[in-house]
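**Student:**
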Amino acid sequence: MKKSLLHIFAANIIYLLINIFNSFLLPKFLSVDTYAIIKTYTLYVGYAGFLSLGYADGMYLKYGGKDINELDLVDLSTNYKSYTLFELIVCFICLIIALMLNDFVLICFSIGGFFINIIGYYKNLYQAVGEFKLYGKSLNYQTILLFFMSFILIFCFQSDNPKNYIIVQVLSALIVVIYLTLILNKNIHILGVGKVSLKEIVKNISMGFTLMLGNFSSSIFTSLDRWFIKALMTNKFFAYYSFAVSLENIVDVFITPITISLYNSFCKNYSIQHILKIKKMTLLWGFLIITAAFPVKFIIINFLPQYSNAISIILPLFAAQAFYAVIKGVHINLYKAEHKQKKYFKIMIFMMIVAVILNCVLYFFSKQVESFAYATLITAIVWQIYCEIENSKLRFNNNEYVSIILLFISYFVAGNITNAIMGLLLYLLSFLIIVIIFMRDTLQYCLNSIFLYKT
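Mapping to the numbering used here: the sequence shown position 131 is 154, numbers consecutive.
1. Can you tell me the Cα-Cα spacing of Y164 and V199, whole angstroms?
2. Between T79 and Y58, is the Cβ-Cβ spacing less than 8 Å?
3. Under three-state DSSP, which class holds D464?
4. Contact defined as beta carbons within less than 8 Å: I believe I312 pairs with V274. What is the distance between those atoms, to the nearest angstrom?
5. From C383 to K365, what does the alpha carbon distance come to, in whole angstroms?
6. At the 8 Å Cβ level, is K226 part of the contact set with chain C, yes or no?
7. I believe F239 touches I252 by the beta-carbon criterion, under 8 Å. Please report the beta-carbon distance rounded to the nearest angstrom.
8. Apart from the five residues just before and just after P185, which ones in its own chain have a Cβ nearer than 7 Å to its Cβ?
9. Beta carbon of V219, beta carbon of S100: below 8 Å?
10. Using the Cβ count rule (16 or more neighbours within 10 Å means buried), how would you classify C131?
11. Quick one: which unbroken alpha helix (DSSP H) runs of 4-plus residues sit fully inside the stretch 136-209? Chain order, please.
12. What's the gap between the Cα of E411 and the Cα of L129?
13. Are there 16 or more other CB atoms within 10 angstroms of the CB of S241, so buried, or fewer, so exposed?
14. Does DSSP put I213 in a helix, a strand or coil?
15. Would you check if there are 3 or more beta carbon pairs closer than 8 Å linking the stretch 178-198 to the stretch 207-215?
16. Touch check for the stretch 430-440 and the stretch 330-343: three-plus C-beta pairs under 8 Å?
17. Measure the CB-CB distance between L417 and I295 and report whether it falls below 8 Å.
18. What would DSSP say about R418, mapped onto helix, strand or coil?
19. Using C-beta distances below 6 Å, list every residue in its chain close to I189, excluding the 5 sequence neighbours before and after it, in chain order.
20. Does the distance from the CB of S269 to the CB of S46 come in under 8 Å?
21. Using a Cβ distance threshold of 8 Å, determine whether the stretch 355-362 contacts the stretch 321-333, with at least three qualifying pairs required.
22. Between G231 and L84, which are expected to be in contact by the criterion C-beta below 8 Å, what is the C-beta distance as a whole number of angstroms?
23. Using the Cα positions of F52 and S331, report the straight-line distance between them to the nearest angstrom.
24. Are L234 and Y367 touching if we call contact CB-CB under 8 Å?
25. In whole angstroms, give me the CA-to-CA distance for L118 and I134.
26. Using 8 Å for Cβ pairs, my map puts D248 next to A398. What's the rounded Cβ distance?
27. Is it the case that the Cβ atoms of L94 and N140 are separated by a distance below 8 Å?
28. State the DSSP-derived secondary structure class of D126, mapped to helix, strand or coil.
29. Kindly indicate the opening and closing residues of the alpha helix (DSSP H) around L74.
30. Can Y450 and S433 be called in contact, C-beta distance under 8 Å?
31. Pull up the distance between the alpha-carbon of T478 and that of L470, whole angstroms please.
32. To the nearest angstrom, how far is it from the Cα of F454 to the Cα of A378?
33. Taking C-alpha atoms, which residue in M375, F137, G446 lies nearest to I116?
34. Shortest alpha-carbon distance to N272 belongs to which of V319, L168, L299, K369?
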């Protein structure tokens with residue numbers, strides 16, 4: 024698993040660097056209104072996975088924990104070809120509806136959604152079989168291509184037209200689909216055998232539909248705050264909040280290696296002690312990576328003052344990621360590894376209801392954009408508490424609960440210091456002291472794991 028983590032981290036570091044440039048490039052040189060429209064398209068694309076109706080998720084469960092060399096080539100080819108045709112039909116229907124509505128963003132979503140879902144299929148396949156080098160290619164190529172296309176639009180054409188930036192997102196996805204398909208076919212000749220099968224379509228959808236609903240609910244859940252802002256506030260506030268969310272994705276880059284590699288690991292090695300150790304390590308990792316909020320704050324203050332209103336949004340959004348590292352990395356992966364898709368879906372619905380209530384209540388009392396960020400944070404805390412109550416065998420001990428509370432307080436105290444560098448140093452010092460006192464064994468285990476891997 025350590026080797027898998029290393030491959031994913033390498034891929035995610037590249038993704039992180041490009042994503043940082045993308046996150047700061049567009050808001051720096053584009054108008055707030057243009058940026059808001061681009062982020063509206065991005066919001067829509069986040070739901071493209073629903074158009075698979077669970078097919079890709081069924082494939083994920085079908086091949087999970089296996090090696091790619093163990094797979095039957097004809098079966099995999101049939102699975103792939105059936106999915107491609109199915110997606111083509113679904114997205115074509117969406118395109119007809121979008122054309123009737125004469126909505127440019129929806130038209131691009133209908134076309135881009137097809138390419139995004141094919142890329143998503145490759146990602147799911149490589150995650151399921153543990154091919155993390157190939158996963159890295161699937162992750163990074165579109166991001167890199169999109170960055171260069173956006174760079175050309177900004178500096179060569181000085182474009183402030185949101186349609187141009189949306190079109191290059193669609194084009195970049197198309198180019199990556201062609202490239203990844205050629206690479207996969209070169210490695211395992213997936214296009215040369217197999218045929219479209221209605222039975223395969225029905226089988227995969229029936230297997231993955233519930234998991235897809237859970238993942239789709241998760242997508243709605245994570246974007247619920249932006250929908251509230253889009254409905255209740257102006258484009259300007261939507262742009263501020265979307266900017267904060269795009270920066271929050273920087274933290275997600277460091278969580279993704281855990282969430283991806285642990286599913287494959289849990290499929291092969293299910294031991295309570297093993298999972299509990301990983302859960303504790305993930306907790307430390309979650310509270311360490313949210314230190315990214317401080318350099319982000321520094322950059323905004325010094326280089327993007329027009330987005331200074333996003334700072335008060337960033338602090339709670341980043342804090343929520345410390346809890347989601349454990350929730351996504353451990354608990355959700357366990358639901359998938361144990362094939363408890365229905366339970367996962369029910370929990371997602373419950374948490375979505377909690378999130379809706381919190382967003383409504385906090386906005387009702389404050390009428391501020393920050394209320395949605397704090398609703399997101401409180402929802403994450405509620406979900407973590409639910410996980411602790413639900414699974415008694417995987418609960419943290421009292422020392423770890425104390426650590427969570429102290430780290431949480433330290434983060435917000437440091438975050439409210441005007442000087443971002445001083446805040447960063449204070450939080451890192453607090454983190455080190457708290458972990459040494461209350462979670463020394465877990466820290467030692469982390470260090471031993473690193474040194475053993477190096478040797």
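The beta carbon of each residue, even a glycine, is placed where N, CA and C say it ideally should be.
**Tutor:** Considering the structure as presented:
1. Cα to Cα, Y164 sits roughly 6 Å from V199.
2. First, the residue type needs correcting, since residue 79 is Ala and not Thr in the sequence shown. Going by C-beta atoms, A79 is not nearer than 8 Å to Y58.
3. Assignment of D464 by DSSP, reduced to helix, strand and coil, places it in the helix class.
4. About 5 Å; that satisfies the 8 Å criterion.
5. Rounded to the nearest angstrom, the two C-alpha atoms are 27 Å apart.
6. The structure shown contains no chain C, having only a single protein chain.
7. The C-beta distance from F239 to I252 rounds to 21 Å, too long to fall under 8 Å, and the pair is not in contact.
8. For P185, where only same-chain residues beyond five positions count, the Cβ hits under 7 Å are T57, I60, I61.
9. No, the Cβ-Cβ distance between V219 and S100 is not below 8 Å.
10. Looking at its Cβ environment, which holds 16 or more other Cβ atoms inside 10 Å, C131 is buried.
11. If only uninterrupted alpha helix (DSSP H) runs of at least 4 residues are considered, those enclosed by the stretch 136-209 are 155-178.
12. Cα to Cα, E411 sits roughly 41 Å from L129.
13. Around the beta carbon of S241, 16 or more other beta carbons sit within 10 angstroms, so the residue counts as buried.
14. Of the three classes helix, strand and coil, the one that applies to I213 here is coil, per DSSP.
15. Touching, no, given that fewer than three Cβ pairs across the two stretches are closer than 8 Å.
16. Yes, they touch.
17. Yes, the pair counts as a contact, with Cβ atoms nearer than the cut-off.
18. If DSSP states are grouped into helix, strand and coil, R418 belongs with coil.
19. Hits under 6 Å: Y64, C131.
20. Contact flag set, yes.
21. Flag = no, the stretch 355-362 and the stretch 321-333 do not touch.
22. Yes, they are in contact, since the Cβ atoms of G231 and L84 sit about 6 Å apart, within 8 Å.
23. Distance between the alpha carbons of F52 and S331: 15 Å.
24. At a Cβ-Cβ threshold of 8 Å, L234 and Y367 count as neighbours.
25. Their backbone Cα atoms lie some 7 Å apart in a straight line.
26. D248 to A398, Cβ: 7 Å. Contact.
27. Not in contact: L94 and N140 (Cβ atoms no closer than 8 Å).
28. Reduced to three states, the DSSP call for D126 is coil.
29. For L74, no alpha helix (DSSP H) segment is defined, and its DSSP state is neither H nor E.
30. Using a Cβ distance threshold of 8 Å, Y450 and S433 count as a contacting pair.
31. Model confidence at T478 stands at a pLDDT of 46, short of 50, so the residue's coordinates are unreliable; what they give is reported in the following sentence. Distance between the alpha carbons of T478 and L470 is about 13 Å.
32. C-alpha separation (whole angstroms): 29 Å.
33. Nearest of M375, F137, G446 to I116, Cα basis: F137.
34. Ranked by Cα distance from N272, the first of V319, L168, L299, K369 is V319.
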